[in-house]
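Mapping to our numbering: the sequence shown position 145 is 155, numbers consecutive.
Below is one structure, written out as structure tokens, with a few remarks after it.
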Amino acid sequence: MNNGITTAALAGFGTGLSLIVAIGAQNAFVLRQGARRHAVLAVVAICAVSDALLITLGVAGVGAFVTAWPAALTAVAIAGGTFLVCYGILAARRVLRPAPGAALGTGGTPAGSARTAVLTCLAMTWLNPHVYLDTVLLVGSLAADRGDLRWAFGTGAALASLIWFGALGYGARLLSGLLARPGAWRVLDGLVAATMVTMGGMLLARA
């Protein structure tokens, strides 16, 4: 039985990791916050806890309810797509007009920016329909195939999310030497802008 639990957990871990490793809007945001060393714990916690909650709902069988309300996913896609496009435009603006002291460690933290980071992370997580499709529907359906071991599968997937976001958020500080130059931030913001606008445009097109 223990071998079965371990196998199911490892399968869930691999599935969860494969779904979140690709560079997307959420990953790009966590990477930027990690590189700035700003509100990293809060951002990582939001992403990991949100995934764990959604995976739990999926394993519990809520996926059938979500598929019964396609209009809800459409509404989320429109709201999320609009949000991502707007955020991408702001990132593109930073590329064209970098703020003074944009290099890592050369400027102070603006008042209220931690709250902004938290709210942005919440919106980027919960207004992204892909999150529901990956966690509630896909992970939930794969977990259901495991029968009594479905919770071990879900636990593995949630653990993969925690490890990935932790590594991404706190590992980004290893780039501090490179990001001490404003030009490097323009490249990073360019990546963020391209990712956000592309993802947002795709969501709006599908909606």
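Using N, Cα and C, we set each Cβ at its ideal position, and we do this for glycine too.
This one's a predicted model, so the numbers in the text were calculated from it and none came from an experiment.
Endpoints, alpha helix (DSSP H) assigned at residue i
i      : result
Asp61  : Val50 to Val69
Ala124 : Ser123 to Trp136
Gly34  : From DSSP, Gly34 is part of no alpha helix (DSSP H); its letter is neither H nor E.
Leu178 : Arg160 to Gly181
Gly150 : Gly150 to Ala154
Val72  : Per DSSP, Val72 belongs to no alpha helix (DSSP H) and is neither H nor E.
Val141 : Pro139 to Tyr142
Residues of its chain near residue i, where Cβ-Cβ distance is below 8 Å and the 5 sequence neighbours each way are ignored
i      : result
Ser123 : His48 and Ala49
Thr165 : Ala19 and Gly22
Val72  : Val146 and Gly150
Ala102 : Asp199, Gly200, Ala203 and Val207
Any C-beta of chain E under 9 Å from that of residue i
i      : result
Asp144 : You won't find chain E in this structure, because it holds only one protein chain.
Residue environment, residue i, which counts as buried when at least 16 other CB atoms sit within 10 Å
i      : result
Leu51  : exposed
Asn138 : buried
Ala45  : buried
Asp144 : buried
Val31  : exposed
Asp199 : buried
Arg125 : exposed
Ile56  : buried
Ala177 : exposed
Arg107 : exposed
Close beta carbons around residue i, own chain, < 6 Å, minus the five adjacent residues each side
i      : result
Ser60  : Thr135
Leu172 : Ala58
Leu67  : Val146
Ala133 : Phe93
Leu29  : Asp144
Ile65  : Thr145, Val149, Gly164, Ala167 and Ala168
Ala62  : Ala168
Leu213 : Ala87, Gly90 and Gly91
Val105 : Arg196, Asp199 and Gly200
Ala194 : Leu188
Tyr97  : Met206
Nonlocal neighbours in the same chain, by C-beta distance under 7 Å from residue i, ignoring five residues either side
i      : result
Met209 : Gly34, Ala35 and Leu94
Val53  : Val40, Gln43, Ala127, Cys131 and Gly179
Ala182 : Leu41, Gly44 and Ala45
Arg160 : Val69, Ala153 and Ala154
Leu100 : none
Ala215 : none
Phe175 : Val40, Val54, Cys57 and Ala58
Val141 : Leu64 and Thr135
Thr116 : Its pLDDT being 39, under 50, Thr116 is placed unreliably in this model, and the coordinates cannot settle the point.
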